[in-house]
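Chemist: Before I ask anything, here is the structure I am working with.
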Amino acid sequence: MTINAAFPAHLDGAAADTLMWLSEADLEPAAAEQIRNVSRLPWVHGVRVMPDAHLGKGATIGTVLAMRDAVSPSTVGVDIGCGMEAARTSLTVDDLPDSLRALRRALESAIPVGFKAHRDLVDLRRLGQDRGFDEFWQRFADLHPSVQSRESKALAQLGTLGGGNHFVELCADESGRIWLTLHSGSRNIGKELAERHIEIAKGLAHNEALPDRDLAVFLDGTPQMAAYLRDLHWAQEYAARSRGVMLALFKQVLVQQFAGHRVHFDQEISCHHNYVAHERYDDVDLIVTRKGAIRAGKGDLGLIPGSMGTGSYVVRGLGNPASYTSASHGAGRRMSRNVAKRRFDTSDLATQTAGVECRKDAGVLDEIPAAYKDIDEVIAAQTDLIEPVERLTTLVCVKG
C-alpha cells in the first residue's frame, strides 16, 4: 500500500466532492468505478474513502457517504450494525498458561459460530444484559412483515458470532495487559431486512435512471424512507446488544478459566462500522452512511482490527471534518475470498498464524492474513484522522 503524505487525494472522474485516504493505484478499478457511480447520485453532498477500501456489493466497503434528504441502503450494507466491542482485563500475559487451547474450546462452546444459534435462550438478566430489552424486543412486531416469521430465530441468534470475518479474540497490548475483542453484526435478521429494503428501493420510480440500480435511494419524508430507518435502527441496536451478550459470555468464560485470579474488566469500547447517522457538516444537515468505517469524532475511542493472527488497534478520533469525522473499520481485503482459497493452502495458514491459538483448517482459509492489507500501513495512512492508543496482538482467535 502506498503511504502518501498528500492524503486526502481527489478521485479523478468523481462528480461530488470525493476525497480518499489511499491512492487510486491501491484501489481496484471496479471499486473506483463504484465510487464514481456513488458520487453521481444527485443527492450526494460528498464521498470519503478510507484506506481499507475495497470492492463491495453495490457500494464500496470503506466509504462514507453524506447525502441530502436521501439514503441508499446499499451504502450501509446488508450486515446492518456490524461493529466491534472490546474490554481490557486485569490479567497479564504472565497469568496465561502455556497452552490456550482449552480457553479457545470453552469460547467456541459458549458462543455459537457460523450458522449456529443458542439451543436455549441466553439468560440476559444473569449476564446483566436485560436493561431495556423487553421494550426493544416488542418493536420486532413493527418490522417489515416479511421477517415476522423469523422472530424465534432472531432471538436464538442473539449473542452469536456468525461467520466470514467475524471473530472473538484474546489479545495482549504492548504492556502485556490482556484484552477481549470481538467483531460481529446483526446476523440473519439484519441481512433479511437490508435485502428487503434494497429491493423496495430498486422499484421506486425516481431510481429508474441511476447508473447502478444497486444504489437505489429512499427519499426523506416518504413512508419507504421512514420504514427503512425504523428497521435499520432496530437492527443496529440488535447488533450492539448481541455484541454485549457475547462480551458478557466471554467474560464469564475467562473468569471460569482463571478461577485462581480475581479478574476485573475495564469499561467496554464499542463502535458500529455499518450504520446510518444524522450529522451536520459544512453547515448542512446530512444523512451519513458508513459502510466499513467508524466514527472518529474528537476523543472518540474506536477499534480497528487487522486480520486473523495480526491483532487490532484501539484508536482515538481526532475529529477531522475532512473525513466527516470517520476512519477505517479494519485492514480491508487485498483479494477476494475465492482468490485467497486458490492461492493459499492450510500450510500457509499455519505459517501465517504461528503463535496464535486458532483454527488452521480449510474452513477459514479465506480469512488468511495475506488476504488482507497490512494493518500498520492502513493506520499510518490516516494519522490525520485517528491516533493509536493501543496496539493489540492476537493470542486466541475464534472464527465462524
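Per the numbering used here, the very first residue in the sequence shown carries number 4; after that it's consecutive. Every residue gets a Cβ at the ideal spot worked out from N, C-alpha and C, and that includes glycine. Fair warning: this is a prediction, and the values are worked out from it, not measured in the lab.
#1: Taking Cβ to Cβ, would you say residue 25 is nearer than 8 angstroms to residue 56?
#2: CB-CB under 7 angstroms to residue 368, same chain, minus the five flanking residues each way: which ones, in chain order?
#3: Residue 170 lies in the beta strand (DSSP E); which residues open and close that run?
#4: Looking only at C-alpha atoms, which of 278, 161, 390 and 209 sits nearest to residue 64?
#5: Give, in chain order, every unbroken run of the alpha helix (DSSP H) that is at least 4 residues long and sits entirely within the stretch 15-70.
#6: Could you give the uninterrupted runs of the alpha helix (DSSP H) lying entirely in the stretch 61-146, keeping only those of 4 residues or more?
#7: Over what stretch of residues does the beta strand (DSSP E) that includes residue 334 continue unbroken?
#8: In chain order, what residues of the same chain have a beta carbon less than 6 angstroms from the beta carbon of residue 275, not counting five sequence neighbours either side?
#9: Give the single residue among 93, 47 and 17 whose Cα lies nearest to the Cα of residue 34.
#10: For residue 234, which residues from the same chain have a beta carbon less than 7 angstroms from its beta carbon, with the 5 sequence-adjacent residues on both sides left out?
#11: To the nearest angstrom, report how far apart residue 308 and residue 375 are at their CA atoms.
#12: According to DSSP, is residue 371 helix, strand or coil?
#13: Identify the residues that DSSP records as bridge partners of residue 402: which are they?
#14: Taking C-alpha atoms, which residue in 250, 214 and 151 lies nearest to residue 172?
#15: Between 399, 164 and 31, which lies nearest to residue 116 when the distance is taken from Cα to Cα?
#16: Count the other CB atoms within 10 Å of the CB of residue 287; is the residue buried (16 or more) or exposed (fewer)?
#17: Are the CB atoms of residue 93 and residue 266 within a distance shorter than 8 angstroms?
#18: Who are the Cβ neighbours of residue 72 in its own chain at under 8 angstroms, not counting the five residues just before and after it?
#19: So, is residue 14 buried or exposed, given that buried needs 16 or more other C-beta atoms within 10 angstroms?
#20: Determine the direct distance from the alpha carbon of residue 76 to that of residue 391, and round the result to whole angstroms.
#21: For residue 268, does the three-state DSSP call read helix, strand or coil?
#22: If you measure between the beta carbons of residue 193 and residue 242, is that distance less than 8 angstroms?
#23: Could you tell me which residues DSSP pairs with residue 221 in its beta bridges?
#24: Residue 160: buried (16+ other C-beta within 10 angstroms of its C-beta) or exposed?
#25: Please go through the same chain and pick out, in chain order, the residues whose beta-carbon is closer than 6 angstroms to the beta-carbon of residue 387, but skip the five residues on each side of it.
#26: For the alpha helix (DSSP H) that contains residue 193, what are its first and last residues?
#27: What did DSSP end up calling residue 211 once you bin it into helix, strand or coil?
Modeler: If we stick to the structure as given:
#1: Residue mapping note: residue 25 aligns to position 22 of the sequence shown, counting from 1. Residue mapping note: residue 56 aligns to position 53 of the sequence shown, counting from 1. Closer than 8 angstroms, so yes.
#2: On the sequence shown, position 365 is the one that residue 368 refers to. Result list for residue 368: 343, 344, 347, 349 and 352, in chain order.
#3: Numbered from 1 along the sequence shown, position 167 holds the residue referred to as residue 170. That run of the beta strand (DSSP E) goes 170-175.
#4: Taking the first residue of the sequence shown as position 1, residue 64 is located at position 61. Of the candidates 278, 161, 390 and 209, the one whose C-alpha sits nearest the C-alpha of residue 64 is 278.
#5: If we require 4 residues or more, the alpha helix (DSSP H) runs fully inside the stretch 15-70 come out as 32-42.
#6: 104-113, 127-130 and 136-141
#7: Looking up residue 334 in the sequence shown gives position 331. That residue, residue 334, is in no beta strand (DSSP E); it is neither H nor E in DSSP.
#8: Counting from 1 along the sequence shown, the entry for residue 275 is found at position 272. If we look at residue 275 and ignore the five residues flanking it on each side, its Cβ neighbours are 84 and 86.
#9: Counting from one through the sequence shown, the residue named residue 34 turns up at place 31. The candidate whose alpha carbon is nearest that of residue 34 is 17.
#10: Within the sequence shown, numbered from 1, the residue matching residue 234 stands at position 231. Excluding positions up to five away in sequence, the list reads 146, 147, 196 and 200.
#11: Along the sequence shown, read from residue 1 onward, the residue named residue 308 stands at position 305. Along the sequence shown, read from residue 1 onward, the residue named residue 375 stands at position 372. Whole-angstrom Cα-Cα distance: 11 angstroms.
#12: Numbered from 1 along the sequence shown, position 368 holds the residue referred to as residue 371. Of the three classes helix, strand and coil, the one that applies to residue 371 here is coil, per DSSP.
#13: The count along the sequence shown starts at 1 and reaches residue 402 at position 399. Answer is 170.
#14: Residue numbering aside, residue 172 sits at position 169 when the sequence shown is read from its first letter. It is 250.
#15: For the purposes of this step, residue 116 is taken as residue 113 along the sequence shown, with counting starting at 1. Nearest C-alpha to residue 116: 164.
#16: Counting from one through the sequence shown, the residue named residue 287 turns up at place 284. Answer is exposed; the Cβ neighbour count stays below 16.
#17: On the sequence shown, position 263 is the one that residue 266 refers to. On the sequence shown, position 90 is the one that residue 93 refers to. At a Cβ-Cβ threshold of 8 angstroms, residue 266 and residue 93 count as neighbours.
#18: Taking the sequence shown and counting its residues from 1, one reaches residue 72 at position 69. Taken in chain order, the residues that qualify are 46, 222, 223, 224 and 290.
#19: Stepping through the sequence shown from its first residue, residue 14 is reached at position 11. By the neighbour-count rule (16 or more Cβ atoms within 10 Å), residue 14 is buried.
#20: Against the sequence shown, residue 391 aligns to sequence position 388. Against the sequence shown, residue 76 aligns to sequence position 73. Going by the C-alpha atoms only, they are around 31 angstroms apart.
#21: Against the sequence shown, residue 268 aligns to sequence position 265. The answer is strand: DSSP assigns residue 268 an E or B state.
#22: Taking the first residue of the sequence shown as position 1, residue 193 is located at position 190. Taking the first residue of the sequence shown as position 1, residue 242 is located at position 239. In this structure, residue 242 lies closer than 8 angstroms to residue 193 by Cβ.
#23: Residue 221 sits at position 218 when you count from the first residue of the sequence shown. BP columns for residue 221 point to 74.
#24: Within the sequence shown, numbered from 1, the residue matching residue 160 stands at position 157. Buried, since its Cβ has 16 or more Cβ neighbours within 10 Å.
#25: By one-based count along the sequence shown, residue 387 stands at place 384. The residues are 323.
#26: Counting from 1 along the sequence shown, the entry for residue 193 is found at position 190. DSSP places residue 193 inside the alpha helix (DSSP H), whose first and last residues are 190-205.
#27: Residue 211 sits at position 208 when you count from the first residue of the sequence shown. Coil.
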